[in-house]
């Protein structure tokens with residue numbers, strides 16, 4: 087299926103008190119090629135294998151395929167991944183009729199907070215909460231696959 | 087799980103009349119890195135996603151994880167693969183208490199026939215049928231992932 091998402095930096099922790107769900111996510115990549123990525127994810131007490139294609143030119147739409155796998159398989163496959171495992175806490179916040187997923191990164195990406203909202207079409211409007219900062223939709227350096235190879239702690243070095 | 091396999095070239099078509107099963111296989115790779123490959127396969131009327139690790143030093147043992155996926159998903163994911171899709175016919179032959187899988191390659195790898203036998207341990211013996219030629223266990227150039235990038239028709243060029 088094709089996913090349509092917009093992505094923003096987050097400039098305060100104000101979103102935390104509005105959050106209805108908080109989940110620890112640990113993930114690695116079996117590859118980080120920009121035309122296709124294969125991700126292994128531990129999300130709470132579930133495992134997932136996710137394959138994503140290249141983004142559309144405007145960065146909004148991207149092919150995504152996912153299957154649930156056991157925690158045991160996910161752990162085994164994360165062992166096989168490229169170095170640079172991503173560790174983060176995901177908060178979910180309802181803003182009017184949209185759900186924002188806000189990732190607070192840990193480890194080598196600590197200090198980075200990114201919010202994503204999924205849309206049904208490219209032109210769909212949505213309420214902008216005050217804690218949203220600059221839009222970074224389509225900026226490859228904020229892809230988790232890139233953050234695993236070139237983490238936030240190295241930026242500006 | 088860990089798979090233990092030995093791989094041989096095949097020097098005649100004599101195996102065909104001993105075969106009890108014949109299946110068309112079309113497969114692509116989401117990556118072909120030697121430490122980890124991700125394969126999408128159409129095998130007869132089924133689809134599979136398979137992840138393999140690096141081989142042991144002797145080339146015999148290799149981590150392998152597989153899940154069945156729908157034909158529709160397999161077709162969608164093959165579209166996403168690196169160029170160099172592998173097309174072959176797999177014959178299965180029972181030789182005493184072992185089953186040999188013999189792949190007759192088509193397309194850019196036409197002329198290449200490879201047999202594999204799966205073993206329960208590294209030292210397990212087995213009957214060698216007369217149509218088996220040189221052993222190529224652990225020789226990376228005969229990996230399907232490598233054949234997709236450097237096919238048989240280019241060898242010796």
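Protein chains in written order, with our numbering: chain A, 87 to 243; chain B, 87 to 243.
Here a beta-carbon is modelled for each residue, glycine too, at the ideal position from N, C-alpha and C.
Problem set entry | Interface residues of chain B facing residue 117/A [CB-CB closer than 8 Å] | Residue numbering aside, residue 117/A sits at position 31 when the first chain is read from its first letter. Within 8 Å Cβ-Cβ: 116, 117, 119, 122, 124.
Problem set entry | Residue interval of the beta strand (DSSP E) (run including residue 189/A) | Here residue 189/A refers to the residue found at position 103 when the first chain is read from its first residue. Element bounds for residue 189/A: 184 to 191.
Exercise. What number of angstroms, rounded off, separates the C-alpha of residue 101/B from the C-alpha of residue 125/A?
Worked result: On the second chain, residue 101/B is found 15 positions in, with the first residue counted as 1. On the first chain, residue 125/A is found 39 positions in, with the first residue counted as 1. Between the alpha carbons of residue 101/B and residue 125/A lies a distance of about 40 Å.
For this session: From the DSSP output, in three-state form, read off residue 209/A for me.
Result: Reading the first chain from its first residue, position 123 is the one you call residue 209/A. Correct three-state label for residue 209/A: coil.
Exercise. Excluding five sequence neighbours on each side, which residues of the same chain lie with their C-beta closer than 6 Å to the C-beta of residue 179/B?
Worked result: What you label residue 179/B is simply residue 93 of the second chain in a count that begins at 1. Residues 101, 104, 105, 186 of the same chain have their beta carbon placed closer than 6 Å to that of residue 179/B, with the five preceding and five following residues left out of the count.
Problem set entry | Pick from 119/B, 219/B, 191/B, 184/B that is closest to residue 204/B, judged by C-alpha positions | The residue labelled residue 204/B in the question sits at position 118 within the second chain. If we check each option's Cα against that of residue 204/B, 184/B comes out closest.
Exercise. For the alpha helix (DSSP H) that residue 234/B lies in, which residues bound it at each end?
Worked result: Position 148 of the second chain, counting from 1, holds the residue named residue 234/B. From DSSP, the alpha helix (DSSP H) with residue 234/B extends over 230 to 235.
Exercise. DSSP state of residue 117/B, grouped into three classes?
Worked result: As a position in the second chain, residue 117/B is number 31, starting the count at 1. Correct three-state label for residue 117/B: strand.
Exercise. Alpha carbon to alpha carbon, how far is residue 222/A from residue 143/A?
Worked result: In the first chain, the residue the question calls residue 222/A occupies position 136. In the first chain, the residue the question calls residue 143/A occupies position 57. Computed Cα separation, rounded: 14 Å.
Exercise. Which stretch, first to last residue, makes up the alpha helix (DSSP H) that contains residue 165/B?
Worked result: Your numbering for residue 165/B matches position 79 in the second chain. For residue 165/B, the enclosing alpha helix (DSSP H) stretches over residues 157 to 166.
For this session: Could you give the DSSP three-state label for residue 104/B: helix, strand or coil?
Result: Start at 1 with the first residue of the second chain, and residue 104/B comes out as number 18. Residue 104/B: helix per DSSP, three-state reduction.
Problem set entry | Nonlocal neighbours in the same chain, by C-beta distance under 8 Å from residue 232/A, ignoring five residues either side | Start at 1 with the first residue of the first chain, and residue 232/A comes out as number 146. Its chain contains 118, 226 as the residues whose beta carbon lies nearer than 8 Å to that of residue 232/A, once the 5 sequence neighbours on both sides are disregarded; these appear in chain order.
Exercise. Whose C-beta lies closer than 6 Å to the C-beta of residue 213/A among residues of the same chain, with five residues either side of it excluded?
Worked result: As a first step, residue 213/A is located in the first chain; it is residue number 127 there, counting from the start. Result list for residue 213/A: 181, 182, in chain order.
Problem set entry | Coarse secondary structure for residue 226/A, derived from DSSP in three states | Here residue 226/A corresponds to residue number 140 of the first chain, with the count starting at 1. Reduced to three states, the DSSP call for residue 226/A is helix.
Problem set entry | According to DSSP, residues forming a beta bridge with residue 173/B | Stepping through the second chain from its first residue, residue 173/B is reached at position 87. When DSSP reads this structure, residue 173/B sits in a beta bridge with 112/B.
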